[in-house]
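Visitor: Sharing a structure here in structure tokens format.
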Amino acid sequence: MSGYQIITDATADLTEAWANQIGVEIIPMECQLGGTPYTFGPGGNITGEEFFAGMRAGKMGSTSQINPTVYEEHFTRCLDQGLDVLYICFSSGLSGTIQAAKLCMEDLREKYPDRKLICVDSLAASAGEGLLVTGAAAQKAAGLSLEELAAWVEDHKQNVAHWFTVEDLNHLRRGGRISAATAVVGSALQIKPVMHCDSEGHLTNTAKARGRKNSLLALIDHMDKDWTPELSRQVFICHGDCLSDAEFLKAAVLERHPDAEITMFHMGPIIGAHTGPGVMALFFWGAGR
Numbered sequence: 004m005s006g007y008q009i010i011t012d013a014t015a016d017l018t019e020a021w022a023n024q025i026g027v028e029i030i031p032m033e034c035q036l037g038g039t040p041y042t043f044g045p046g047g048n049i050t051g052e053e054f055f056a057g058m059r060a061g062k063m064g065s066t067s068q069i070n071p072t073v074y075e076e077h078f079t080r081c082l083d084q085g086l087d088v089l090y091i092c093f094s095s096g097l098s099g100t101i102q103a104a105k106l107c108m109e110d111l112r113e114k115y116p117d118r119k120l121i122c123v124d125s126l127a128a129s130a131g132e133g134l135l136v137t138g139a140a141a142q143k144a145a146g147l148s149l150e151e152l153a154a155w156v157e158d159h160k161q162n163v164a165h166w167f168t169v170e171d172l173n174h175l176r177r178g179g180r181i182s183a184a185t186a187v188v189g190s191a192l193q194i195k196p197v198m199h200c201d202s203e204g205h206l207t208n209t210a211k212a213r214g215r216k217n218s219l220l221a222l223i224d225h226m227d228k229d230w231t232p233e234l235s236r237q238v239f240i241c242h243g244d245c246l247s248d249a250e251f252l253k254a255a256v257l258e259r260h261p262d263a264e265i266t267m268f269h270m271g272p273i274i275g276a277h278t279g280p281g282v283m284a285l286f287f288w289g290a291g292r
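Every number in the numbering used here is 3 more than the matching position in the sequence shown, counting from 1.
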């Protein structure tokens with residue numbers, strides 16, 4: 004059985020240390036802050052903390068798809084080492100970057116006919132993508148082949164539950180997720196959206212909560228209904244420059260589910276540019292989306 008490399012992208016919001024520990028390669032991604040371009044991820048020149056600090060200071064954030072030449076560089080490096088490639092990609096429901104990855108793989112299959120390249124659409128985002136990738140790395144360590152692992156990811160990606168809430172509605176308004184009127188009224192009444200990543204990988208509004216604390220607890224309400232610890236007790240919390248709220252959420256989860264194995268991450272710019280500072284996300288293995 005040939006060796007292979009799991010690759011994901013910086014959207015997954017995994018730290019470089021975490022990725023190294025589980026044997027996963029991360030492709031960096033491009034973002035802009037206040038009109039200045041940056042690279043986020045391994046070898047990059049901006050952190051999630053720096054990006055959100057800039058947004059809190061009034062700078063606008065935006066993101067770009069991965070350049071095909073970047074894909075080629077990362078895939079080719081693995082192929083030249085005699086490794087096949089499994090790329091677990093950012094949701095096609097939120098970005099078109101998967102198309103560039105697939106086109107790059109088509110070209111490389113002609114140049115490396117003895118190697119295998121597989122791209123799986125995670126239909127996931129942020130540390131939800133990271134949770135799926137972490138689960139995949141554990142399955143690889145357990146001995147799954149490239150094809151077996153690709154099938155495992157396809158079979159289990161709908162089990163990764165994503166629940167989000169935000170602090171400032173204006174970032175969702177700028178991204179067209181909510182109307183200007185909804186943003187004005189919601190801000191005045193302290194109404195916070197409760198959102199999730201649906202079965203097609205789209206970020207959708209599902210409910211509202213009055214006040215920040217209630218919106219955080221609403222995330223756990225969904226975990227109460229859907230968490231399936233038989234799949235995995237691993238739970239990821241991801242925050243955008245709101246560590247105290249993340250600590251509150253962690254404590255509240257453990258109060259209800261003391262056997263949860265929680266890891267906290269700081270959100271990066273790729274999702275954070277569209278949600279703004281104060282975004283809070285809870286990811287866990289569930290029965291389905």
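Just so you know, even glycine gets a beta-carbon here, dropped at the ideal spot from N, CA and C. Please read all numbers here as calculations on a predicted model, not as lab measurements.
(1) What separation, rounded to the nearest whole angstrom, lies between the Cα atoms of V187 and E53?
(2) Classify M63: buried if its beta carbon has 16 or more other beta carbons within 10 angstroms, exposed otherwise.
(3) Have a look at D244, S218, T100, S235 and flag the residue whose alpha-carbon is nearest the alpha-carbon of A255.
(4) When the Cβ atoms of the segment 4 to 15 are set against those of the segment 227 to 244, are three or more pairs found closer than 8 Å?
(5) If you draw a straight line from the alpha carbon of D224 to that of L252, how long is it in whole angstroms?
(6) At what residue ranges does the segment 64 to 114 contain a whole run of the alpha helix (DSSP H), taking only runs of 4 or more?
(7) Between the C-alpha atoms of D51 and E28, what's the straight-line distance to the nearest angstrom?
(8) Is P196 buried or exposed, if buried means 16 or more other CB atoms sit within 10 Å of its CB?
(9) List in chain order: all unbroken beta strand (DSSP E) runs of 3+ residues lying wholly within the segment 213 to 259.
(10) Once the 5 residues before and after K143 are set aside, which same chain residues still bring their CB inside 7 Å of it?
(11) In whole angstroms, what separates the C-alpha of C107 from that of I274?
(12) How about A140 and G26: do their beta carbons lie closer than 8 Å?
(13) Does DSSP put E19 in a helix, a strand or coil?
Guide: Working from what's here:
(1) Indexing the sequence shown from 1 puts residue 187 at position 184. Indexing the sequence shown from 1 puts residue 53 at position 50. Here V187 scores only 42 on pLDDT, less than 50, and its place in the model is too uncertain to base an answer on.
(2) Working through the sequence shown from its first residue, we reach residue 63 at position 60. M63 counts as exposed, since fewer than 16 other beta carbons sit within 10 angstroms of its beta carbon.
(3) Numbered from its first residue, the sequence shown carries residue 255 at position 252. That would be S218, whose Cα lies nearest to the Cα of A255.
(4) No: the two stretches stay apart, fewer than three of their Cβ pairs being nearer than 8 Å.
(5) Within the sequence shown, numbered from 1, the residue matching residue 224 stands at position 221. Within the sequence shown, numbered from 1, the residue matching residue 252 stands at position 249. D224 and L252: Cα-Cα distance of roughly 12 Å.
(6) Secondary structure within the segment 64 to 114: the alpha helix (DSSP H) runs of 4 or more consecutive residues, fully enclosed, are 71 to 83, 100 to 114 (chain order).
(7) In the sequence shown, residue 51 corresponds to position 48, counting from 1. In the sequence shown, residue 28 corresponds to position 25, counting from 1. The question names Asp, yet the displayed sequence has Gly at residue 51. In a straight line, the C-alpha of G51 is about 19 Å away from that of E28.
(8) Taking the sequence shown and counting its residues from 1, one reaches residue 196 at position 193. Result: buried.
(9) Counting only runs of 3 or more, we get 237 to 242.
(10) Residue mapping note: residue 143 aligns to position 140 of the sequence shown, counting from 1. Setting aside the 5 residues that flank it on each side, K143 is surrounded in the same chain by I9, L152, each with a C-beta closer than 7 Å to its C-beta; the list follows chain order.
(11) Here residue 107 is taken as the residue at index 104 of the sequence shown, counted from 1. Here residue 274 is taken as the residue at index 271 of the sequence shown, counted from 1. Rounded to the nearest angstrom, the two C-alpha atoms are 24 Å apart.
(12) For the purposes of this step, residue 140 is identified with residue 137 of the sequence shown, where counting begins at 1. For the purposes of this step, residue 26 is identified with residue 23 of the sequence shown, where counting begins at 1. If you check the CB distance, A140 and G26 come in under 8 Å.
(13) Along the sequence shown, read from residue 1 onward, the residue named residue 19 stands at position 16. Helix at E19.
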